[in-house]
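Numbering (our numbering), first residue to last: 18 to 164.
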Ligand SMILES: [Zn+2]
């Protein structure tokens, strides 16, 4: 459940606020299905994008190694919902950090190499973390890409 649904369940928000949330959720679901239909019809390239759970290296379960320093590894995944083509951009904390420019580089590389050749409009659903999606660096990069 999302934060709003949990808040409603715990009686921290009123019913009209919850109903508006459910209405927005249903509309988003309908829009996503509409986009999937357009993708299946070959009208658009449809991508889902997200940063997967952090993996640690080495991955060991021995308790004596619990407090040893481990390397954090990240997996930024771009998945084409129609063709089921997935690209996983693996990097560790020594190669880059979790800033917007890291994700802009991966995404633009993917768009240029996997989407532009299709010559179709591109629709993307992205994780909503600020560094992945909701920032001016990503907005500006995608605006420049569209020109
Ligand atoms: Zn919810």
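For glycine and all other residues, C-beta sits at the position ideal for the given N, C-alpha and C.
Report all residues from its chain with a CB closer than 7 Å to the CB of residue i; omit the five preceding and five following residues, and keep chain order.
i, result
"residue 89", "71, 73, 109, 110"
"residue 162", "125, 128"
"residue 113", "119"
"residue 5", "The structure shown does not extend to residue 5, since the chain spans only 18 to 164, so no value can be given for it."
From this set, the options, which residue's C-alpha is nearest residue i's C-alpha?
i, options, result
"residue 95", "85, 144, 137", "144"
"residue 56", "152, 105, 101, 24", "101"
"residue 106", "115, 40, 49", "115"
"residue 35", "21, 164, 78, 130", "21"
"residue 38", "52, 49, 53, 18", "18"
"residue 85", "91, 76, 134", "76"
"residue 146", "79, 103, 67, 83", "67"
"residue 69", "133, 91, 131", "91"
"residue 12", "152, 151, 153, 164", "Any property of residue 12 remains undetermined from this structure, which presents the chain solely from 18 to 164."
With a CB to CB cut of under 6 Å and the five nearest residues on each side skipped, what residues in its chain are close to residue i?
i, result
"residue 142", "65"
"residue 24", "30"
Output needed for residue i: all residues of its chain with C-beta closer than 8 Å, excluding positions within five of it in sequence on either side, in chain order.
i, result
"residue 155", "117, 120, 121, 124, 149"
"residue 98", "53, 56, 63, 64, 65"
"residue 158", "121, 124, 125"
"residue 49", "142"
"residue 103", "94, 95, 96, 97"
"residue 80", "none"
Run through the DSSP bridge pairs and tell me what residue i is partnered with.
i, result
"residue 90", "72, 109"
"residue 63", "140"
"residue 103", "96"
> Whole alpha helix (DSSP H) runs in the stretch 111–158 with 4 or more residues, listed along the chain?
Replying inline: Runs of the alpha helix (DSSP H) lying entirely within the stretch 111–158 and spanning at least 4 residues, in chain order: 117–127.
> With a cut-off of 8 Å, do at least 3 Cβ pairs link the stretch 128–142 to the stretch 45–65?
Replying inline: yes
> Fully enclosed by the stretch 20–46, which alpha helix (DSSP H) runs are 4 residues long or longer?
Replying inline: Listed in chain order, the complete alpha helix (DSSP H) runs (minimum 4 residues) inside the stretch 20–46 are 20–26.
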